[in-house]
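Q: Numbering (my numbering), first residue to last: 19 to 420.
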Amino acid sequence: MMAWFPNATPAVLERAKKIKLVLTDCDGVLTDGGCYYSQNGEELKRFSLRDGMGIERLRLLADIETGFVTKEKTGFVKARAAKLRLSEVHLGVEDKGITIEEIAQERGLSLSEIAFMGDDVNDLPALMKAGLAACPEDSAPSVLEAAHFVSSNRGGHGAFRELAELILFAQGHAPAGEQGRQGQVFSEPRQDVLLYSRKIWKAGLVAASAGNVSARIPGTNLLAITPAAIPYDVMTAQQIAIVDVDSGELVDCPWPPSSELYMHLAIYRQRPGVGAVIHTHSPCVSVLSVLRKPLPPIIDEMIAYLGGTVEVADYAFTGTRELARSAVSGLAERAGVILANHGNVCVGKTLPMALQAALTMETGARVYLESLRLGQPVLLPAESLAAGRTMYEHRIGKNVAD
Ligand SMILES: [Zn+2]
Numbered sequence: 019m020m021a022w023f024p025n026a027t028p029a030v031l032e033r034a035k036k037i038k039l040v041l042t043d044c045d046g047v048l049t050d051g052g053c054y055y056s057q058n059g060e061e062l063k064r065f066s067l068r069d070g071m072g073i074e075r076l077r078l079l080a081d082i083e084t085g086f087v088t089k090e091k092t093g094f095v096k097a098r099a100a101k102l103r104l105s106e107v108h109l110g111v112e113d114k115g116i117t118i119e120e121i122a123q124e125r126g127l128s129l130s131e132i133a134f135m136g137d138d139v140n141d142l143p144a145l146m147k148a149g150l151a152a153c154p155e156d157s158a159p160s161v162l163e164a165a166h167f168v169s170s171n172r173g174g175h176g177a178f179r180e181l182a183e184l185i186l187f188a189q190g191h192a193p194a195g196e197q198g199r200q201g202q203v204f205s206e207p208r209q210d211v212l213l214y215s216r217k218i219w220k221a222g223l224v225a226a227s228a229g230n231v232s233a234r235i236p237g238t239n240l241l242a243i244t245p246a247a248i249p250y251d252v253m254t255a256q257q258i259a260i261v262d263v264d265s266g267e268l269v270d271c272p273w274p275p276s277s278e279l280y281m282h283l284a285i286y287r288q289r290p291g292v293g294a295v296i297h298t299h300s301p302c303v304s305v306l307s308v309l310r311k312p313l314p315p316i317i318d319e320m321i322a323y324l325g326g327t328v329e330v331a332d333y334a335f336t337g338t339r340e341l342a343r344s345a346v347s348g349l350a351e352r353a354g355v356i357l358a359n360h361g362n363v364c365v366g367k368t369l370p371m372a373l374q375a376a377l378t379m380e381t382g383a384r385v386y387l388e389s390l391r392l393g394q395p396v397l398l399p400a401e402s403l404a405a406g407r408t409m410y411e412h413r414i415g416k417n418v419a420d
């Protein structure tokens with residue numbers, strides 16, 4: 019079996035493949051079962067942040083929610099559940115077997131689609147019903163006996179994380195920290211993507227962790243893309259995700275890839291000549307995006323760098339396949355498109371070219387908005403549009419859609 023899950027059998031992976039909801043006991047699974055007392059007698063618990071990351075990865079990578087089903091009803095469980103934004107929180111539960119049946123019914127799931135992790139005898143009724151019954155390695159003997167999968171880690175020390183990674187692996191997501199195919203680490207493309215992420219951040223085109231950057235990895239069918247929800251000032255090259263362009267398979271993703279992965283994949287699939295994609299929320303472009311106003315080429319360089327009037331793609335919610343589709347059609351063969359009520363996407367043969375497009379679009383949008391305030395902007399004459407278009411085609415390669 020894979021080194022990450024020493025106790026998993028093919029039968030366990032089959033069970034893990036079906037899971038759509040993960041429920042867990044709290045004390046003894048997410049904590050080590052012990053407790054600390056503060057000076058004023060308050061009970062303190064230690065939760066593993068690695069387990070929290072497992073919950074986050076299940077949600078982001080596989081759309082699998084996690085919930086607590088526990089006998090405890092003390093503040094620490096509530097606080098932890100709130101921090102982890104859990105959708106199912108069942109406290110003070112006497113019969114966990116009944117509770118998981120109720121949850122299954124309410125969510126329209128079969129019990130085979132629910133995993134349960136518990137460590138003690140009061141977890142047995144739920145463990146007997148769950149499609150995948152799991153427990154930490156230091157569980158009660160009867161629980162070890164009943165579980166399909168015994169984690170090789172102890173409660174509060176990564177037992178839950180191992181279950182989360184097992185489910186993700188069974189469902190086709192690369193385990194965290196796994197090296198890419200043939201052990202490649204792709205450090206150069208990762209460094210490049212990180213560098214250009216920092217550039218869009220420093221140029222004020224995005225704030226915090228907004229926007230995203232990707233590039234094709236030359237000689238492969240892979241792309242490197244920024245991770246989800248990590249602010250640019252603390253992002254590291256190792257966190258950049260490696261994804262297969264055709265299949266969308268997460269080849270090496272120590273962290274979930276950007277939530278706009280679909281959009282990047284859709285653009286690369288449609289435009290083989292595109293080597294880099296940059297999505298920003300740059301301020302003046304965002305104003306146009308809210309006005310749903312296309313940006314005409316009003317400065318000479320705009321047509322050369324962007325390829326023509328920047329259109330506004332139909333609105334779709336962030337991160338959806340629908341947004342991916344509308345971005346691709348709004349982009350057509352140009353170097354940039356405005357995303358309605360959102361921001362923009364810019365493309366280029368290389369990262370510097372995609373950045374150039376993003377900077378040119380923001381500058382153009384600022385000039386356009388300012389000039390609209392003062393009067394009616396004069397558009398470029400037809401000869402300039404033609405000359406700029408020739409420059410654009412020359413830059414991007416004659417047959418831009420190929
Ligand atoms: Zn965005």
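Cβ coordinates follow ideal geometry from the N, Cα and C atoms, glycine included.
Pull up the distance between the alpha-carbon of residue 196 and that of residue 269, whole angstroms please.
A: Unreliable positioning characterises residue 196 in this predicted model, as indicated by a pLDDT of 46, which lies under 50. A coordinate reading is not provided.
Q: Identify, in the order they occur along the chain, each residue of the same chain with its Cβ nearer than 7 Å to the Cβ of residue 385, setting aside the five sequence neighbours on each side.
A: Excluding residues within five positions, the ones whose Cβ falls inside 7 Å are 316, 317.
Q: Would DSSP call residue 27 helix, strand or coil?
A: Three-state result, residue 27: coil.
Q: Can you find at least 3 beta carbon pairs, one from the segment 143-150 and one from the segment 128-135, that sit closer than 8 Å?
A: In short, these stretches touch, since the Cβ pair count reaches three.
Q: Three-state secondary structure (DSSP) at residue 93?
A: The answer is helix: DSSP assigns residue 93 an H, G or I state.
Q: For ligand 1, list every residue whose C-beta falls under 7 Å from any of its heavy atoms, going in chain order.
A: Qualifying residues, in the order they occur: 228, 229, 278, 297, 299, 336, 360, 361.
Q: Report yes if the C-beta distance between residue 244 and residue 215 is below 8 Å; otherwise report no.
A: In contact: residue 244 and residue 215 (Cβ atoms closer than 8 Å).
Q: Looking at the secondary structure, which residues open and close the beta strand (DSSP E) in which residue 107 lies?
A: Run containing residue 107: 106-108, per the beta strand (DSSP E) assignment.
Q: Determine contact between the segment 399-409 and the segment 335-355, defined as no fewer than three beta-carbon pairs at a distance below 8 Å.
A: Judged by Cβ distances under 8 Å, the segment 399-409 makes no contact with the segment 335-355, as fewer than three pairs qualify.
Q: State the beta-bridge partners of residue 270 as determined by DSSP.
A: Paired residues: 260.
Q: Is it right to say residue 336 is buried, meaning 16 or more other beta carbons lie within 10 angstroms of its own, or is it exposed?
A: Per the 10 Å Cβ criterion, exposed.
Q: What is the DSSP secondary structure of residue 356, counted as helix, strand or coil?
A: It is a strand residue.
Q: Return yes when the Cβ of residue 69 is within less than 8 Å of the Cβ of residue 179, no when it is not.
A: In this structure, residue 69 lies closer than 8 Å to residue 179 by Cβ.
Q: Run through the segment 135-202 for me and flag every whole alpha helix (DSSP H) of 4 or more residues, listed as ranges in chain order.
A: Qualifying alpha helix (DSSP H) stretches, in chain order: 142-147, 159-164, 177-188.
Q: With a 10 Å radius around its C-beta and 16 neighbouring C-beta atoms as the bar for buried, classify residue 166 as buried or exposed.
A: Its Cβ being crowded by 16 or more others within 10 Å, residue 166 is buried.
Q: For a quick check, are the C-beta atoms of residue 94 and residue 61 less than 8 Å apart?
A: Yes, the Cβ-Cβ distance between residue 94 and residue 61 is below 8 Å.
Q: Can you give the beta carbon distance from residue 271 to residue 383, rounded, assuming they're within the 8 Å contact cut?
A: Not really, about 33 Å apart at Cβ, beyond 8 Å.
Q: Please report the residue range of the alpha helix (DSSP H) in which residue 83 lies.
A: Residue 83 -> not in any alpha helix (DSSP H); beta strand (DSSP E) instead, spanning 83-87.
Q: For residue 330 and residue 310, which I take to be in contact (beta-carbon distance under 8 Å), what is that distance rounded to the nearest angstrom?
A: Confirmed, Cβ separation roughly 5 Å.
Q: Counting only the same chain and skipping the five closest in sequence on each side, list residues whose C-beta sits under 7 Å from that of residue 78.
A: So the list reads 246, 274, once near-sequence residues are dropped.
Q: Where does residue 245 fall in DSSP's three states?
A: Residue state, collapsed to three classes: strand.
Q: If you draw a straight line from the alpha carbon of residue 159 to that of residue 168, how long is it in whole angstroms?
A: For residue 159 and residue 168, the distance between alpha carbons rounds to 11 Å.
Q: For the segment 97-104 against the segment 284-302, are there 3 or more C-beta pairs whose distance is under 8 Å?
A: With the cut-off at 8 Å, the segment 97-104 and the segment 284-302 do not touch.
Q: Which residue marks the beginning of the alpha helix (DSSP H) containing residue 205, and which one marks its end?
A: Looking at the DSSP string, the run of the alpha helix (DSSP H) that includes residue 205 is 205-220.
Q: Work out the CA separation of residue 250 and residue 28 for me, nearest whole Å.
A: The straight-line gap from Cα to Cα measures roughly 40 Å.
Q: Need the endpoints of the alpha helix (DSSP H) that residue 366 sits in, please.
A: Where residue 366 is concerned, there is no enclosing alpha helix (DSSP H), although the beta strand (DSSP E) it sits in stretches over 361-366.
Q: Roughly how far, in whole angstroms, is the beta-carbon of residue 13 from the beta-carbon of residue 116, given that I think they are within contact range, below 8 Å?
A: The shown model of the chain, from 19 to 420, leaves out residue 13, and the question about it has no answer.
Q: For residue 324 versus residue 182, is the C-beta spacing smaller than 8 Å?
A: No.
Q: When you measure from the CB of residue 219 to every non-hydrogen atom of ligand 3, does any distance come out below 7 Å?
A: With respect to ligand 3, the structure offers nothing, as its ligand set consists of ligand 1.
Q: Are the CB atoms of residue 113 and residue 46 within a distance shorter than 8 Å?
A: No; because the gap between Cβ atoms is not below 8 Å, this pair is not in contact.
Q: Determine the closest residue to residue 236 out of 262, 226, 82, with distance taken between C-alpha atoms.
A: For residue 236, the nearest C-alpha among the options comes from 262.
Q: If you scan the segment 383-410 from start to end, which runs of the alpha helix (DSSP H) of 4 or more residues do you find wholly inside it?
A: Runs of the alpha helix (DSSP H) inside the segment 383-410: none found.
Q: Using only the alpha-carbon positions, how far apart do residue 135 and residue 212 sit?
A: Whole-angstrom Cα-Cα distance: 37 Å.
Q: Which of the three DSSP states is assigned to residue 75 in this structure?
A: Helix at residue 75.
Q: To the nearest angstrom, how far is the alpha carbon of residue 155 from that of residue 209?
A: Roughly 39 Å separates the two Cα atoms.
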